[in-house]
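One structure is given below, encoded as structure tokens.
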Amino acid sequence: MGLSLWLVPPEPQATQLSRIMSYNTGTSQSPASFPRFHPHITLLTVPSITDLSTLRSAVPSGQPKIPIHFKSVDVGTEYYMSVYVVVHHTAELTALRESIMKNRPDDKVPPLSHVSLFYIDPADAAERNKICDILVDDGRIVNEGIDSVTLDCTEGQQRGKDLMDGFIGGEIWIALCDGPVETWVVKDKIPLV
Numbered sequence: 021m022g023l024s025l026w027l028v029p030p031e032p033q034a035t036q037l038s039r040i041m042s043y044n045t046g047t048s049q050s051p052a053s054f055p056r057f058h059p060h061i062t063l064l065t066v067p068s069i070t071d072l073s074t075l076r077s078a079v080p081s082g083q084p085k086i087p088i089h090f091k092s093v094d095v096g097t098e099y100y101m102s103v104y105v106v107v108h109h110t111a112e113l114t115a116l117r118e119s120i121m122k123n124r125p126d127d128k129v130p131p132l133s134h135v136s137l138f139y140i141d142p143a144d145a146a147e148r149n150k151i152c153d154i155l156v157d158d159g160r161i162v163n164e165g166i167d168s169v170t171l172d173c174t175e176g177q178q179r180g181k182d183l184m185d186g187f188i189g190g191e192i193w194i195a196l197c198d199g200p201v202e203t204w205v206v207k208d209k210i211p212l213v
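Every position in the sequence shown, counted from 1, becomes a number in this note's numbering once 20 is added.
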């Protein structure tokens, strides 16, 4: 796939999101379904041969941290958008995306900002709605109205302790996303101020 810029949640939010991302239907057939990966918002993907310094320069110097607010949990038709959290395009996120697009006009910026929860092989497409239903039934997805969703990331069977309706993106990671998902490698981390 290439090198990607990821906006990532800080700890403990990354671990909390990983609790939800560890769910599995138990009935998928493809080994490519339900791989483990770090929660992130992909900001840009470029060819793997791109120099890291060139990619670093796409991030504005002194870039402030980015507040992220969850909008909805959606089920998609693409592998990398199987089940995902749509995030609001806040002024800060929009400004960052526009700056990256200006610095890398020929590269791919995802049209919809989102945090993927699961990657599910097209051969297991029915698992996408199934895992979403499991999360709803288990109280993990709490719809808060038309434009807001909260994820209950509480450990174990208890609910209501670790509620998340967004996070503050404090780092942008450069990840080499070639090969199977679980072999992806973080090449660099850019702290935001």
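Even glycine gets a Cβ: it sits at the ideal position worked out from N, Cα and C.
Inclusion of residue 78 and residue 44 in the CB contact set at 8 Å is not warranted, their separation being larger than that value. Considering only 138, 76, 63, the residue with the shortest C-alpha distance to residue 100 is 138. Around the beta carbon of residue 144, 16 or more other beta carbons sit within 10 angstroms, so the residue counts as buried.
In the three-state scheme derived from DSSP, where H, G and I count as helix and E and B as strand, residue 103 is classed as strand.
With contacts defined by Cβ atoms closer than 8 Å, residue 170 and residue 155 do not form a contacting pair.
Taking a contact as a CB-CB distance under 8 Å, the pair residue 61 and residue 133 counts as one, their CB atoms being some 6 Å apart.
When only Cα atoms are considered, residue 105 and residue 194 end up about 21 Å apart. Contact between residue 64 and residue 129 holds, since their C-beta atoms are separated by about 5 Å, short of 8 Å. Rounded to whole angstroms, the gap between the alpha carbons of residue 160 and residue 185 is 12 Å.
The alpha helix (DSSP H) runs of length 4 or more contained entirely in the stretch 89-144 are, from start to end of the chain, 111-123.
Residue environment analysis places residue 153 among the exposed positions, since fewer than 16 neighbouring C-beta atoms fall within 10 angstroms of its C-beta.
Note on residue 151: 16 or more other CB atoms within 10 angstroms of its CB, so buried under the neighbour-count rule. Classified as buried, residue 140 has 16 or more neighbouring CB atoms from the shown chains inside 10 Å of its CB. The beta carbons of residue 102 and residue 39 sit no closer together than 8 Å. As computed with DSSP, residue 189 is found in a beta bridge with 86.
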